[in-house]
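Numbering (full-length UniProt numbering), first residue to last: 1 to 291. Glycine is no exception: its CB is placed at the ideal position from the N, C-alpha and C atoms. As the structure is a computational prediction, the values presented were derived from the model and not from experiment. Scroll down for the structure; my scribbles are underneath it.
So this is what it looks like as C-alpha cells:
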C-alpha cells in the first residue's frame with residue numbers, strides 16, 4: 001500500500017469517527033441536554049436526529065418516562081402525638097432537563113434519594129396536622145392530593161422534576177404500640193365473648209326449664225288420661241264380670257276355681273298347705289260344686 005492509499009484510508013476512518021461523534025439520536029422516551037465543556041448550551045433537545053460539534057459538545061441522555069421512587073418507611077407523629085409508620089411511593093418524571101441536570105448531575109439514583117427525602121418531609125408535615133383516624137381513613141385521599149401538590153412545587157423548583165402522584169402503600173403502628181393495641185382488642189373480644197356466653201347460658205336455662213315444665217305437664221296429662229281410661233276399662237270389666245256372674249254364678253265359680261288350680265299347680269315343686277275341707281278343693285271333691 002502506497003502513501004496516498006494510506007492517507008486516504010486514514011482520512012476515511014477519521015471522517016467516520018468525526019461523523020459518528022457529530023450525529024446523535026434522541027428517542028421519544030428520552031430527555032437530553034447538550035453540554036459545551038460542561039456548560040449547558042441546549043437545555044431540552046427534542047426527539048430525533050441531531051448534530052453536535054465533536055470533542056466540544058457532549059450529550060447527556062435521561063429517561064423521560066414516568067419513574068417510581070419507593071420511599072423508605074418512616075415513623076411520624078399525628079396531631080394526638082400518636083406514632084404511625086407510613087410506607088409510601090411516588091411517581092415522577094423529568095420536567096426541566098437543565099435544572100434536573102444541575103441539581104442531580106443527571107444521576108437518577110441521586111434524584112430519587114433527594115425526592116424520597118422531600119416525600120418524607122411532606123408526609124411528616126401532613127400527618128402532624130391530622131388525627132390518626134383522618135390519616136388512616138377519614139382524610140387519606142385529601143392528604144395524598146395535598147402532598148402531591150405541595151411536593152410537586154418543591155420538586156419542580158429544586159430538582160426540575162414533576163411529581164405525578166404520591167400514594168401510601170400501608171400505614172402501621174409501631175411494634176410496641178401494635179402489641180398493646182392487639183392486647184386491648186383481645187381483651188375487648190374476650191369480654192364480649194364472655195357476655196355472649198353468659199347470655200346464651202341464661203337463654204339455654206330458660207329454654208331447658210320451659211321444656212322440662214312442658215314435659216312434666218304432658219306426662220301428668222297422659223297419666224291422668226291413662227288412669228281415666230284404665231278406670232273406665234276396670235269399670236266395664238267389672239260390669240261384664242257382674243253380668244256374667246249373675247247369669248250363672250255356679251259356672252263362674254267353677255271356671256275361677258279351675259284357673260286357680262292351674263295357677264297353683266303350675267310348678268311341680270310347689271307345696272300348698274291347706275285344710276282338706278277347705279273351699280279351695282270344693283270342685284275336686286264334688287264337680288257339681290255342692291257342699
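Would you please state the rounded distance, in angstroms, between the beta carbons of residue i and residue j? I believe it to be under 8 angstroms.
| i | j | result |
| --- | --- | --- |
| residue 56 | residue 36 | 6 angstroms |
| residue 84 | residue 132 | 7 angstroms |
| residue 129 | residue 171 | Residue 129 to residue 171, Cβ: 16 angstroms. No contact. |
| residue 155 | residue 196 | Actually they are not in contact, since the Cβ atoms of residue 155 and residue 196 sit about 54 angstroms apart, beyond 8 angstroms. |
| residue 332 | residue 53 | An answer regarding residue 332 cannot be provided, because it is not within the stretch 1 to 291 covered by the chain. |
| residue 69 | residue 112 | 4 angstroms |
In terms of DSSP beta bridges, what is residue i paired with?
| i | result |
| --- | --- |
| residue 90 | 69, 166 |
| residue 293 | Lying before the first or after the last residue shown, residue 293 is absent from the chain, which here runs from 1 to 291. |
| residue 74 | 86 |
| residue 23 | 51 |
| residue 30 | 63 |
Classify residue i as helix, strand or coil using the three-state DSSP reduction.
| i | result |
| --- | --- |
| residue 227 | helix |
| residue 190 | helix |
| residue 236 | helix |
| residue 80 | coil |
| residue 105 | coil |
| residue 212 | helix |
| residue 96 | coil |
So, does the CB of residue i fall closer than 8 angstroms to a CB anywhere in chain E?
| i | result |
| --- | --- |
| residue 154 | Looking at the structure shown, chain E is missing, and only one protein chain is on hand. |
Under 7 angstroms: does the beta carbon of residue i sit that close to some heavy atom of the ligand SAH?
| i | result |
| --- | --- |
| residue 152 | Ligands in the displayed structure: none, and consequently the ligand SAH is not present. |
Taking only runs that begin and end inside the segment 128–174, name each unbroken alpha helix (DSSP H) of 4 or more residues, in chain order.
For the segment 128–174, the full-length alpha helix (DSSP H) segments reaching 4 residues or more read 140–158 along the chain.
Contained beta strand (DSSP E) runs [length at least 3] in the segment 41–69, N- to C-terminal order
Runs of the beta strand (DSSP E) inside the segment 41–69: 48–51, 57–63.
Measuring CB atoms only, is the segment 117–130 touching the segment 71–84, in the sense that at least three cross pairs come out at less than 8 angstroms?
As far as the Cβ criterion goes, the segment 117–130 touches the segment 71–84, which means the pair count is three or higher.
Does the pairing of the segment 156–176 with the segment 78–97 give three or more beta-carbon distances under 8 angstroms?
By the criterion of at least three beta-carbon pairs nearer than 8 angstroms, the segment 156–176 is in contact with the segment 78–97.
Check whether the segment 64–71 touches the segment 23–32, counting contact only when three or more Cβ pairs, one atom from each stretch, lie closer than 8 angstroms.
Put simply, the segment 64–71 touches the segment 23–32. At least three CB pairs are less than 8 angstroms apart.
Quick check: the segment 153–163 against the segment 99–119, are there 3 or more CB pairs under 8 angstroms?
Contact holds: three or more Cβ-Cβ distances are below 8 angstroms.
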